[in-house]
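A short write-up of the structure that comes next.
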Amino acid sequence: MAEVIPAGEALGRALSLLDTGEVVAIPTETVYGLAGDATNGAAVARIFEAKGRPRFNPLIAHVADLAMAERIGVFDPLSRKLAQEFWPGPLTLVLPLRPEAGIHPLVTAGLATIALRMPRGFGNGLIARLGRPLAAPSANSSGRISATSAAAVEADLGGRIPLVVDGGQTPVGLESTIVKADGGRLLLLRPGGIAADEVEAVAGVKLERGATGVQSPGMLASHYAPGAAMRLNVEAVRPGEALLAFGASRVPGFEGAAAMKNLSPSGDLREAAANLFGFMQALDRTGAGVIAVEPIPAHGLGEAINDRLARAAAPRDKPLPPA
Ligand code: TXA
Ligand code: MG
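Throughout the sequence shown, residue numbering follows our numbering, covering 8 to 330 in sequence.
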């Protein structure tokens, strides 16, 4: 089992592991990340190994500051403006990669672009001390729900990694929003922890949705799948189903639900985002065959929440073992 160390005491241990090419699960403001030195091929390979993730999926490189980011990616004016406004925070920018930056090609899956993000909190200080960027996908087995607590990381990956840094519950609870500037256009590659309209307000242009290009795991239909089947936008709960609720009023039949969690009794989408993955995991653990989900508004962070729910509900090739 992995060592679990509180964030306040973990810096030295995390640094020495990362320095020798090991991987470490760290808290970020979005979700827990499984971090490895982005310049070390063996470390990046260990990330894929621990996650059981197909190798062609590119990872986000996390930086400590804008100067480190500028040494890795080529910033256009719009991307720089977004970085200045939203970093540190849950925004990832896809930029042309500087080949001389020393990023191991496994990080980018050989692409000429790189996804960059400056996290807040423990990860930021860790990267600054290490002096090198950290590749860090979400700290969960491939296809599973992202972890928002150290306990969830330990339960999923604890047997395969040496250290989980415990920074408590992650405040945002959803992965970062991923955008890519393309000429004067701005493409939304993944909705996430910063609502699209917040990005648009700063960018001064509309985000274009439905962008294709790179096949990303965040785009795979069945990503985020729990063991239970998911039924979305339910108008009523069927007996024996678990209920993932939202807001003050309940759909008919809720009294017969096997279990219930309310993402936000007051109807706050930010609170709902922070609770989403943890509550899906908790309902999954009850053993209910189906998780019924009440309708969630589509605006603001509701776009990313509905995106993750749709992926969790999508058909998959093989059923996942219980968490
Ligand atoms: O909040 C987050 O973003 C978390 C925390 C740990 O930082 N990380 C995360 O990483 O969600 P991951 O690996 O689970 O998702 C990375 C996403 C994938 O959808 C991947 O395909 C996309 O970023 N991506 C990475 N490099 C890319 C590139 N060059 N072009 C387009 N998409 C890229
Ligand atoms: Mg992920």
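Ideal Cβ positions, reconstructed from N, Cα and C, are used throughout, including at glycine.
Residue nearest to residue i in terms of C-alpha spacing, selected from the options
i, options, result
"T115", "P144, G285 and N313", "P144"
"R197", "R167, I185, A32 and R20", "I185"
"A74", "P140, D275, L181 and P65", "P140"
"A342", "A159, E278, P272 and I312", "What the structure shows of the chain is the stretch from 8 to 330, and residue 342 is not part of that stretch, so it cannot be assessed."
"L104", "Q91, P97, A76 and I201", "A76"
"Q176", "D26, V38, T27 and L25", "V38"
"A202", "A311, G274 and A14", "A311"
"A305", "A236, G199 and P272", "G199"
"R318", "R245, A236, A252 and T293", "A236"
"V212", "E301, P233 and A188", "A188"
"E29", "E56, G174, P13 and V70", "E56"
"V209", "F93, A32, P97 and A14", "F93"
"A232", "G180, G150 and G130", "G150"
"T293", "P178, G234, I134 and V300", "G234"
Closer than 8 Å: residue i CB and nearest ligand 2 heavy atom
i, result
"S256", "no"
"E182", "yes"
"S153", "yes"
Contact test: residue i Cβ vs ligand 1 heavy atom, cutoff 8 Å
i, result
"S145", "yes"
"R192", "no"
"R197", "yes"
"H111", "no"
"I67", "yes"
"A52", "no"
"I79", "no"
"R315", "no"
"N131", "no"
"L118", "yes"
"R124", "yes"
"V209", "no"
"T115", "yes"
"V101", "yes"
"G260", "no"
"I185", "yes"
"V244", "no"
"P178", "no"
"P97", "yes"
"T293", "no"
Rounded Cβ spacing between residue i and residue j (contact assumed at less than 8 Å)
i, j, result
"S86", "G285", "So it is not a contact: roughly 32 Å between Cβ atoms."
"L316", "L195", "So it is not a contact: roughly 17 Å between Cβ atoms."
"F82", "L102", "6 Å"
"L100", "L89", "6 Å"
"A252", "A265", "That pair is no contact at about 13 Å."
Coarse secondary structure for residue i, derived from DSSP in three states
i, result
"D314", "helix"
"M237", "strand"
"G48", "helix"
"R292", "helix"
"G225", "For G225, the pLDDT reaches just 49, beneath the cut-off of 50, and the residue's location in the model is therefore unreliable, although a value from the coordinates is still provided. Helix, per DSSP."
"A330", "Because A330 carries a pLDDT of 29, less than 50, the predicted location of this residue cannot be relied on, and no value is offered for it."
"G220", "Model confidence at G220 stands at a pLDDT of 48, short of 50, so the residue's coordinates are unreliable and nothing is read from them."
"P13", "strand"
"D324", "Caution applies to D324, whose pLDDT of 48 falls short of 50 and renders its modelled position unreliable; the model cannot decide the point."
"L25", "helix"
"E182", "coil"
As an exercise, report each continuous beta strand (DSSP E) stretch of at least 3 residues that is fully enclosed by the stretch 100-166, in chain order.
120-124
Length at least 4, wholly inside the stretch 243-292: the alpha helix (DSSP H) runs in chain order:
276-292
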